[in-house]
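Numbering (this note's numbering), first residue to last: 5 to 221.
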């Protein structure tokens with residue numbers, strides 16, 4: 005843990021608009037730098053249990069930015085969906101693939117694994133959050149209507165629970181539901197406290213700006 009009179013600059017090593025939106029909700033100043041790692045190649049080359057693969061992908065993203073930004077706190081994250089049969093699902097990319105993935109998960113419980121890597125001053129913390137999601141028994145027409153509505157082509161598992169994807173769900177189990185959107189916020193706060201020694205608002209409350217949509221006193 006490093007104690008500092010100032011909170012370090014924060015860099016989100018991600019091109020995901022969903023992770024960016026999550027971090028914006030804190031009202032913290034941060035910079036977005038898409039990772040320089042080749043995610044597609046890494047996913048093809050990495051072997052091992054899904055949890056380990058997810059962790060390594062998050063680490064590669066954070067490291068690719070941290071190496072040139074040693075004074076920043078760098079956040080990297082990756083997410084994969086794993087079916088009840090152990091198959092790893094990538095982002096569907098188009099509507100037909102999305103329908104196919106959702107049909108596989110209909111009536112079953114799948115796991116959404118979200119890897120987090122936080123690097124600061126040469127130290128790093130790695131974490132993988134698991135959320136188990138059970139879908140209702142879905143018919144193809146229902147799935148196609150959902151895919152047309154939400155366009156979940158860029159999401160692991162082919163759904164957006166923050167939108168109408170929640171209508172597909174029967175049950176959710178996990179420590180940190182925020183990880184479903186791509187960034188596990190509980191694990192992130194734990195990592196920041198461990199590496200920096202405090203959250204920004206504990207050092208200087210004026211650093212925060214009320215996020216759009218946040219409740220006012």
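Note that the Cβ used here is the ideal one computed from N, Cα and C, for glycine as well.
### Message
For residue 54 and residue 115, what's the separation of their Cα atoms in angstroms?
### Response
10 Å
### Query
residue 132 and residue 184: beta carbons closer than 8 Å?
no
### Query
Quick one: what does DSSP say residue 78 is sitting in, helix, strand or coil?
strand
### Task
Look at the Cβ atom of residue 113, then the Cβ atom of residue 83, and state whether they are nearer than 8 Å.
no
### Message
For residue 127, which residues in the same chain have their Cβ closer than 7 Å to its Cβ, ignoring the five residues on either side in sequence?
### Response
199
#### Entry: Complete alpha helix (DSSP H) runs within the segment 16-40 (minimum length 4 residues, chain order)
21-28
#### Entry: Closest residue to residue 65 among 106, 30, 50, 16 (Cα-Cα distance)
16
### Message
Between residue 123 and residue 70, how many whole angstroms is the CB-CB distance? I'm expecting something under 8 Å.
### Response
4 Å
### Message
Given a cut-off of 8 Å on the beta-carbon distance, is the pair residue 172 and residue 139 in contact?
### Response
yes
### Message
I'd like the list of long-range same chain contacts for residue 23, defined as Cβ closer than 7 Å, with 5 residues on each side in sequence excluded.
### Response
16, 81, 186, 187
### Message
Please give me, in chain order, every unbroken run of the beta strand (DSSP E) with length at least 3 that falls completely inside the segment 82-170.
### Response
113-124, 127-139
### DSSP bridge partner residues for residue 173 (one or two, in chain order)
139
### Query
Is residue 14 near residue 76, with beta carbons less than 8 Å apart?
yes
### Query
Got a sec, what are the start and stop residues for the alpha helix (DSSP H) residue 63 sits in?
54-70
### Query
With distances taken from CA atoms, which of 73, 95, 143 is nearest residue 86?
95
### Task
Could you tell me the distance, in whole angstroms, from the CA atom of residue 193 to the CA atom of residue 31?
14 Å
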